[in-house]
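Working notes, structure below.
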């Protein structure tokens with residue numbers, strides 16, 4: 069590049085330095101070598117495969133462990149005493165759960181008569197994990213003992229049908245409308261304000277109305293899920309569509325794409341992976357409306373099972389049913405995620 | 113033009129307007145061709161939400177001829193991107209006329225292909241279907257479009273990647289596909305908005321050679337926006353220099369560097385004279401904004417290192 073220039077030592081180097089006050093050495097403020105402060109927060113890096121799996125497992129095991137501890141360690145909570153032998157206490161029966169204070173009062177008052185026996189217990193609404201596990205297995209495999217109760221798989225299947233119908237009806241209208249709103253500002257302005265308004269009306273508020281219109285069976289339940297999903301769906305999908313890379317649209321315009329063809333051939337494919345992800349999240353919301361929807365008109369599905377079992381104080385069955393909902397939800401989501409990876413192989417490779 | 117070595121090049125710095133005989137003859141032939149693009153009194157005013165107006169372009173006049181390679185350069189903010197977007201029909205003009213092959217431009221059309229700065233290949237389509245896209249949009253059947261796309265891929269040497277997805281390609285390859293995609297619709301004009309600025313220096317040099325090769329073989333007029341002045345001199349027949357605030361034509365330079373171009377020419381007097389002229393036109397205002405132009409006398413940074421610990 070440039071020829072090295074001969075430097076005159078005393079030329080412009082030393083003189084200005086003497087004029088400038090010595091600067092505080094910033095370097096001493098830095099940490100001692102080898103003890104650099106680590107930051108826990110930074111740009112998130114993907115976890116290793118093993119750690120990923122271990123943490124996933126732990127995230128389930130931690131709450132389960134807490135539940136087990138509260139259930140199996142008598143000194144932890146156990147505010148009640150489950151009576152095993154009432155002794156001479158007239159009002160006690162085996163299996164009864166009484167407050168610890170009342171029980172010790174009776175023990176103190178026994179004097180001469182046979183004192184009651186019992187063991188520490190949790191309230192009936194908190195069964196131990198193994199009880200729920202047994203109930204879970206029994207509910208799934210064995211038909212119900214009483215004739216008037218319904219079988220868990222049957223009620224679950226009914227609930228799934230309601231969800232699928234509600235979500236499909238909502239999506240058939242909501243997704244195209246959302247895409248249209250996202251692609252065309254005039255249509256968006258014409259529809260979005262009113263949708264924004266309706267979105268804040270709680271879906272269950274329409275319950276009585278839907279029963280009046282659609283009868284007492286599955287109609288109003290599906291309608292509640294549609295109402296709960298549709299309005300959010302239009303807005304979410306519209307926002308996703310608006311985030312389409314404008315350069316892709318412009319490139320298509322210069323190649324002659326127009327209007328609906330532009331939407332079908334460019335805008336929709338460009339945002340389809342995100343729309344798919346939105347749909348997964350919206351499906352989760354639809355599940356949350358299910359419980360309310362099933363209480364409308366004739367109670368049905370998994371909610372009927374839960375309320376009925378709670379009435380009989382079969383809380384192990386209640387927990388089993390709640391777990392089933394969770395399992396179905398997470399299984400659906402994992403399945404959809406795997407399908408999504410197959411459908412959009414180019415998404416992960418995109419920088 | 114066939115024997116550039118026969119012409120004695122002046123050794124001392126020459127005027128950029130001096131053209132050797134083959135170059136002059138070439139420009140004469142070029143100007144005798146049909147007009148591909150005619151821009152007359154083109155102006156663009158942006159209005160923001162408060163009603164304040166910014167003049168982006170004013171009174172641009174330009175005529176380019178068929179198979180000309182025109183580069184557009186200018187300082188940042190001179191509206192060169194706006195200019196090419198108006199030509200493409202992606203931006204509306206405030207005044208003036210633009211016509212391509214005698215037909216006034218209103219909106220985007222298949223007679224003008226465009227290659228963007230970013231990679232605008234459709235990530236969900238394979239390379240072949242990306243190239244076929246424009247043909248399908250213009251009424252070709254999928255079968256015909258793909259067959260034609262395969263020919264274009266062969267032309268740009270990427271037939272092996274026909275079934276790959278864009279994310280599997282390097283930046284240079286993506287831009288080659290983007291060029292093929294634009295050319296596949298047989299446009300009259302290829303508009304390119306800083307297409308190589310995202311590439312590293314080596315790929316950029318390769319792509320330049322590559323673009324020249326395509327341009328030589330295909331009946332296409334190229335309007336090429338760039339901020340790289342060497343690139344402009346390397347590629348262009350003529351260089352449209354814009355000035356900023358408002359964007360007006362500063363000068364239309366006829367590049368005196370003979371064709372065919374090769375990298376060694378960057379040391380020839382013609383190249384350096386043209387480059388120096390471009391520097392003089394574009395850089396003064398930018399240097400003012402960024403600090404004193406004379407870096408030799410720069411002494412504004414307080415010394416924070418010890419005396420005697422010199423690095424230079």
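Residue numbers (our numbering), protein chains in the order written: chain A, 69 to 419; chain B, 113 to 424. Think of the CB as a built atom: it goes at the ideal place given N, C-alpha and C, for glycine as much as any other residue. Quantities reported herein were computed from a predicted structural model and do not represent experimental measurements.
For residue 360 (chain B) and residue 170 (chain B), which I take to be in contact (beta-carbon distance under 8 Å), what is that distance rounded to the nearest angstrom?
5 Å
Is it the case that the stretch 222 to 229 of chain B contacts the stretch 281 to 298 of chain B, given that we only count it when at least three CB pairs across the two stretches are under 8 Å?
In this structure the stretch 281 to 298 of chain B touches the stretch 222 to 229 of chain B; the number of beta carbon pairs closer than 8 Å is three or more.
When DSSP labels each residue in this structure, what does residue 399 (chain B) get in the three-state scheme?
Caution applies to residue 399 (chain B), whose pLDDT of 47 falls short of 50 and renders its modelled position unreliable; the value that the coordinates give is listed next. Reduced to three states, the DSSP call for residue 399 (chain B) is helix.
To the nearest whole angstrom, what separates the beta carbons of residue 239 (chain B) and residue 276 (chain B), a pair I think is in contact under 8 Å?
5 Å
Between the C-alpha atoms of residue 240 (chain A) and residue 234 (chain A), what's the straight-line distance to the nearest angstrom?
10 Å
Taking the CB atoms as reference points, tell me whether residue 128 (chain B) and residue 365 (chain B) lie closer together than 9 Å.
yes
Taking the alpha helix (DSSP H) that residue 266 (chain B) falls in, what are its first and last residues?
254 to 267
Quick one: residues in its chain with C-beta nearer than 7 Å to the C-beta of residue 190 (chain B), no 5 flanking neighbours on either side, listed in chain order?
354, 355, 356 and 359
Which chain A residues sit within Cβ distance under 7 Å of residue 232 (chain B)?
Near residue 232 (chain B) (Cβ distances below 7 Å), the residues of chain A are 315, 316 and 319.
Within 9 Å (strictly less), CB to CB, does residue 250 (chain B) reach chain A?
It does; some Cβ of chain A falls within 9 Å.
Determine contact between the stretch 188 to 201 of chain A and the stretch 374 to 392 of chain A, defined as no fewer than three beta-carbon pairs at a distance below 8 Å.
The stretch 188 to 201 of chain A vs the stretch 374 to 392 of chain A: in contact.
Figure out for me which residue from B:331, B:336, B:195 and B:390 has the closest Cα to the Cα of residue 307 (chain B).
B:336
Counting beta carbon pairs with one atom in the stretch 205 to 218 of chain B and one in the stretch 291 to 303 of chain A, are three or more of them shorter than 8 Å?
no
Just tell me which of A:321, A:246 and A:268 has its CA closest to the CA of residue 304 (chain A).
A:246
Does the stretch 319 to 333 of chain A come within contact of the stretch 244 to 254 of chain B, defined as at least 3 CB pairs closer than 8 Å?
yes
Let me make sure I understand the geometry here. Which of A:306, A:272 and A:341 has the alpha-carbon closest to that of residue 257 (chain A)?
A:306
Would you grab the beta carbon distance between residue 65 (chain A) and residue 310 (chain A) for me? Rounded to a whole angstrom, and I think it's under 8 Å.
Residue 65 (chain A) falls outside the range modelled here, since chain A spans only 69 to 419, and no answer is possible.
Checking 9 Å against the spacing of the C-beta atoms, do residue 191 (chain A) and residue 147 (chain A) come in under that value?
yes
Going by other Cβ atoms of all chains shown within 10 Å of its Cβ, with 16 needed for buried, is residue 143 (chain B) buried or exposed?
exposed
Just to make sure I have the definition right: I need the residues of chain B whose C-beta is within less than 9 Å of the C-beta of residue 337 (chain A). Which are they?
234, 235, 236 and 237
Please classify residue 325 (chain A) as buried or exposed, where buried requires at least 16 other C-beta atoms within 10 Å of its C-beta.
buried
Check residue 292 (chain B) in the structure and name its three-state DSSP category.
DSSP places residue 292 (chain B) in helix when its eight states are reduced to three.
With distances taken Cα to Cα, identify the nearest neighbour of residue 279 (chain A) among A:168, A:115 and A:367.
A:367
From B:325, B:172, B:390 and B:301, pick the residue whose C-alpha is nearest to that of residue 338 (chain B); which is it?
B:390
Under the three-state reduction of DSSP, which class applies to residue 180 (chain B): helix, strand or coil?
coil
Report all residues from its chain with a CB closer than 6 Å to the CB of residue 155 (chain A); omit the five preceding and five following residues, and keep chain order.
182, 183 and 184
Can you list, in chain order, the residues of the stretch 194 to 215 of chain B whose Cβ is nearer than 7 Å to any Cβ on chain A?
200 and 202
Does any residue of chain A bring its CB to less than 9 Å from the CB of residue 245 (chain B)?
yes
Say whether chain A places a C-beta atom closer than 9 Å to the C-beta of residue 259 (chain B).
Chain A contact via Cβ: absent.
Cβ closer than 7 Å: which chain A residues qualify as neighbours of residue 220 (chain B)?
For the C-beta of residue 220 (chain B), the chain A residues within less than 7 Å are, from N- to C-terminus, 321 and 322.
Which chain B residues sit within Cβ distance under 8 Å of residue 334 (chain A)?
234
Can you confirm whether residue 225 (chain B), when its beta carbon is compared against all beta carbons of chain A, has any partner nearer than 9 Å?
yes
For residue 387 (chain B), which beta-bridge partners are listed by DSSP?
Residue 387 (chain B) is not bridged to any residue.
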